[in-house]
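Reviewing the structure listed below.
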Amino acid sequence: MAETTEIKIGDYVAAKKFGPLEHDFTGEVTKVYDNSVLVEIRDYDPADKTAVGDMNNRAVVRKSAAKITGNKADKN
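Positions 373 to 448 (our numbering) are the ones given, in order, by the sequence shown.
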């Protein structure tokens with residue numbers, strides 16, 4: 373069943389580690405696709421600094437794997 377809360381641009385999400393990342397991370401949604409979102413990585417483990425830099429501080433995350441932790445208005 374689909375989640376009732378729709379992820380939108382400006383939401384802050386938490387995501388699980390994947391690919392070159394060894395730890396979970398959080399960031400801001402900058403683009404929404406049909407089944408995934410583009411996340412600008414904002415908070416990550418220092419051990420992942422090189423991997424995050426290689427990814428240009430961005431990651432594409434499945435919507436089902438992203439958990440909303442807040443939105444831009446909450447952070448200001």
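Don't be surprised by glycine CBs; every beta carbon is placed ideally from N, CA and C.
Alpha carbon to alpha carbon, what distance is there between residue j and residue i?
| i | j | result |
| --- | --- | --- |
| residue 401 | residue 381 | 5 Å |
| residue 374 | residue 435 | Note that residue 374 scores 48 on pLDDT, short of 50, meaning its location in the model is unreliable; the coordinates nonetheless yield the value given after this. Each residue's Cα considered, the two are about 10 Å apart. |
| residue 399 | residue 408 | 14 Å |
| residue 421 | residue 397 | 11 Å |
| residue 424 | residue 437 | 18 Å |
DSSP has residue i in a bridge; who is on the other side?
| i | result |
| --- | --- |
| residue 434 | 408 |
| residue 439 | 386 |
Which of helix, strand or coil does DSSP assign to residue i?
| i | result |
| --- | --- |
| residue 420 | helix |
| residue 388 | coil |
| residue 382 | coil |
Would you grab the beta carbon distance between residue i and residue j for me? Rounded to a whole angstrom, and I think it's under 8 Å.
| i | j | result |
| --- | --- | --- |
| residue 443 | residue 405 | With 8 Å as the limit, residue 443 and residue 405 do not qualify as a contact, their Cβ atoms being about 19 Å apart. |
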